[in-house]
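Notes follow the structure.
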Amino acid sequence: TVGCVAVDSNGNLASATSTGGLVNKMVGRIGDTPLIGAGTYANELCAVSATGIGEALIRGTVARDVAAMMEFKGLSLKEAADCVVHERIPKGTVGLVAVSAAGEVAMPYNTPGMFRACATEDGYSEVAIWSD
Amino acid sequence: MGWAVALHGGAGVPFSLPPEARQPREEALRHCLQIGVKALKSNMSPLDVVELVVRELENIPHFNAGRGSVLTNKGTVEMEASIMDGNTMKCGAVSGLSTVVNAISLARLVMDNTPHIYLAFDGAEDFARQQGVETVDTSHFITPENIERLNQAKEADRVQIDYTQPIQNDTTKSETETPFANGDSQLG
Chain A
2 TVGCVAVDSN GNLASATSTG GLVNKMVGRI GDTPLIGAGT YANELCAVSA TGIGEALIRG
62 TVARDVAAMM EFKGLSLKEA ADCVVHERIP KGTVGLVAVS AAGEVAMPYN TPGMFRACAT
122 EDGYSEVAIW SD
Chain B
12 MGWAVALHGG AGVPFSLPPE ARQPREEALR HCLQIGVKAL KSNMSPLDVV ELVVRELENI
72 PHFNAGRGSV LTNKGTVEME ASIMDGNTMK CGAVSGLSTV VNAISLARLV MDNTPHIYLA
132 FDGAEDFARQ QGVETVDTSH FITPENIERL NQAKEADRVQ IDYTQPIQND TTKSETETPF
192 ANGDSQLG
């Protein structure tokens, strides 16, 4: 699975995710990627693209939950993304990238690693697989 | 705080991923990141930016999407994608594609050119032809590497998730307990 989230200087947000599915999956099996609210979501607060074991992400409506925690609990992007990934979804099943209207970035995962990269207007950029 | 872009190429990467598998993927991430940064700096809309970056990722065989898609248990390809605009909440999604080169662009066309959100399988393939998006014979996506990965997964009689090492059919092991092993990014 691959995905990208972006926010411009005016706070406009968008998210996109694409995948080939799972090796040896049943023909006709749909994963989280095309399901809005599971693998992909964007509103006026944040944009989220998720990857992992699709069945776990669908059950947990992962992408929408990040936005909902910001909307209804007033969490920051990082708090919301960390809460969903580390407290709500089984370990070893999910990773996501997200940006907020304010230009924050979050890239949490609960698997051994995730191919990820990000850059922000203030000059920060990162390309990584594991965590230090 | 200004503009920001983030992208991923799949999760589940084992610590044992060998350098010859890691380096080309890191370079690919860097390359795609630069495309996104350049597009944002040129005031491209975030919706166009995310489509542009995911198209690039789909065209890189190292990641499980587009050119690098994995195979089903019948040895076929079923690609899927979705896109969403935060301002308008408009979204588009496709599933079950077997000939479309960039699934994400077809999802964008579903969003822009139909009253629907989601098209799948034959309907999505028909729509692709109506819209004139680039398609290739499905054999384009079926590579020796992926056939090998499918055979490994069949031998282990399990769905191979990302880097999951093919293991003997062990019903007691949950998917998340399966040890990760070397392998390409084929995460669903």
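In order, the protein sequences belong to chains A and B. Heads up: the first sequence is residues 2 to 133, going by the working numbering. Heads up: the second sequence is residues 12 to 199, going by the working numbering. Ideal Cβ placement from N, Cα and C applies to all residues, glycine included.
| field | C-alpha gap between A104(B) and S93(B), whole angstroms | value | The sequence position of residue 104(B) within the second sequence is 93, counting from 1. The sequence position of residue 93(B) within the second sequence is 82, counting from 1. Rounded to whole angstroms, A104(B) to S93(B) spans 4 Å at the Cα level.
| message | List, in chain order, every chain B residue whose beta-carbon is nearer than 8 Å to that of G83(A). | response | As a first step, residue 83(A) must be located in the first sequence, where it is residue number 82. This sequence places Asp at residue 83(A); Gly is not what is there. Chain B residues near D83(A): none, gap ~15 Å exceeds 8 Å.
| field | Nearest residue (CA-CA) to S116(B), options K85(B), N70(B), H151(B) | value | Counted from its first residue, the second sequence places residue 116(B) at position 105. The shortest Cα separation from S116(B) among K85(B), N70(B), H151(B) belongs to N70(B).
| field | Span of the alpha helix (DSSP H) around I115(B) | value | Along the second sequence, read from residue 1 onward, the residue named residue 115(B) stands at position 104. Note, I115(B): alpha helix (DSSP H), 114-124.
| task | Please decide whether Q176(B) counts as near chain A, where near means a Cβ-Cβ distance under 8 Å. | result | Translated into the one-based positions of the second sequence, residue 176(B) becomes position 165. At Q176(B) the pLDDT is 44, less than 50, meaning the model places this residue with poor confidence; the figure from the coordinates comes in the next sentence. Answer no: the Cβ-Cβ gap between Q176(B) and chain A never drops below 8 Å.
| request: For P30(B), collect the residues of the same chain with a Cβ closer than 6 Å to its Cβ; drop the 5 residues on either side in sequence, then sort them by chain order. | output: What you label residue 30(B) is simply residue 19 of the second sequence in a count that begins at 1. Excluding sequence neighbours, P30(B) sits near nothing in its chain.
| request: Could you tell me whether the Cβ of V111(B) comes closer than 8 Å to any Cβ of chain A? | output: Translated into positions along the second sequence, residue 111(B) becomes position 100. So, not an interface residue.
| Rounded distance between the beta-carbons of E91(B) and I31(A), thought under 8 Å | Against the first sequence, residue 31(A) aligns to sequence position 30. Against the second sequence, residue 91(B) aligns to sequence position 80. About 7 Å; that satisfies the 8 Å criterion.
| task | Within the same chain, show all residues whose beta-carbon is closer than 6 Å to that of S126(A), passing over the 5 residues directly before and after it, in chain order. | result | Taking the first residue of the first sequence as position 1, residue 126(A) is located at position 125. These residues qualify, in order along the chain: A120.
| message | Measuring straight from C-alpha to C-alpha, what distance separates M55(B) and I46(B)? | response | The residue given as residue 55(B) occupies position 44 in the second sequence. The residue given as residue 46(B) occupies position 35 in the second sequence. Cα-Cα distance, rounded: 11 Å.
| said: Quick check on E89(B): does DSSP put it in helix, strand or coil? | reply: Walking along the second sequence from the start, residue 89(B) turns up at place 78. Correct three-state label for E89(B): coil.
| field | Contact under 8 Å by Cβ, P57(B) with D83(A) | value | As a working note, residue 57(B) is residue 46 in the second sequence. As a working note, residue 83(A) is residue 82 in the first sequence. Cβ distance not < 8 Å, so P57(B) and D83(A) don't count as in contact.
| message | Using a 10 Å radius around the Cβ and a threshold of 16 neighbouring Cβ atoms, would you call L28(B) buried or exposed? | response | On the second sequence, position 17 is the one that residue 28(B) refers to. Burial call: buried.
| query | Per DSSP, Y42(A) forms a beta bridge with which residues? | reply | Counting from 1 along the first sequence, the entry for residue 42(A) is found at position 41. Its beta-bridge partners are V49(A).
| query | Is the shortest distance between the beta-carbon of F26(B) and the beta-carbons of chain A less than 8 Å? | reply | Along the second sequence, read from residue 1 onward, the residue named residue 26(B) stands at position 15. Yes, F26(B) counts as interfacial toward chain A.
| field | Distance, W131(A) Cα to P25(B) Cα | value | As a position in the second sequence, residue 25(B) is number 14, starting the count at 1. As a position in the first sequence, residue 131(A) is number 130, starting the count at 1. Those two C-alpha atoms are separated by around 9 Å.
| request: Give the residues from the segment 108-126 of chain A that approach chain B closer than 8 Å (Cβ to any Cβ), ordered along the chain. | output: M108, Y110, T112, P113, G114, M115, F116, R117, A118, C119, A120, T121, E122, D123, S126
| task | Please confirm whether V88(B) and F152(B) have their CB atoms less than 8 Å apart. | result | One-based indexing of the second sequence puts residue 88(B) at position 77. One-based indexing of the second sequence puts residue 152(B) at position 141. Yes, the Cβ-Cβ distance between V88(B) and F152(B) is below 8 Å.
| said: Between V98(A), T94(A), E72(A), L78(A), which has its C-alpha nearest T41(A)'s C-alpha? | reply: Reading the first sequence from its first residue, position 40 is the one you call residue 41(A). Per the Cα distances, V98(A).
| What are the start and end residues of the beta strand (DSSP E) that includes R30(A)? | Sequence index remark: in the first sequence, residue 30(A) carries index 29 (1-based). Here R30(A) belongs to no beta strand (DSSP E), and DSSP marks it neither H nor E.
| message | By alpha-carbon positions, which one of V86(A), G93(A), L46(A) ends up nearest to G75(A)? | response | Translated into positions along the first sequence, residue 75(A) becomes position 74. Checking every option, the nearest Cα to that of G75(A) belongs to L46(A).
| When the Cα of Q141(B) is compared with those of R78(B), V65(B), T125(B), which residue comes out closest? | Position 130 of the second sequence, counted from the first residue, corresponds to residue 141(B). Of the candidates R78(B), V65(B), T125(B), the one whose C-alpha sits nearest the C-alpha of Q141(B) is T125(B).
| query | Quick one: does A32(B) have its CB under 8 Å from some CB of chain A? | reply | As a first step, residue 32(B) is located in the second sequence; it is residue number 21 there, counting from the start. So, not an interface residue.
| For G4(A), does the three-state DSSP call read helix, strand or coil? | In the first sequence, the residue the question calls residue 4(A) occupies position 3. If DSSP states are grouped into helix, strand and coil, G4(A) belongs with the strands.
| said: Less than 8 Å between CB atoms is the rule here; does L14(A) satisfy it with respect to chain B? | reply: Within the first sequence, the letter at position 13 stands for residue 14(A). Chain B contact via Cβ: present.
| request: Anything in the segment 89-112 of chain B with a Cβ closer than 8 Å to a Cβ of chain A? List those residues in chain order, please. | output: E89, M90, E91, A92, S93, I94, M95, D96, G97, N98, M100, C102, A104, V105, S106, G107
| query | Using CA coordinates, which residue listed in K52(B), E67(B), G21(B) is at the minimum distance from C43(B)? | reply | Locating residue 43(B) in the second sequence gives position 32, counting from the first residue. Ranking the options by Cα distance to C43(B), first place goes to E67(B).
| request: Could you check which residue in R36(B), W14(B), G13(B) has the C-alpha nearest to that of G114(A)? | output: Numbered from 1 along the first sequence, position 113 holds the residue referred to as residue 114(A). Looking at the Cα atoms, R36(B) is the closest of the given residues.
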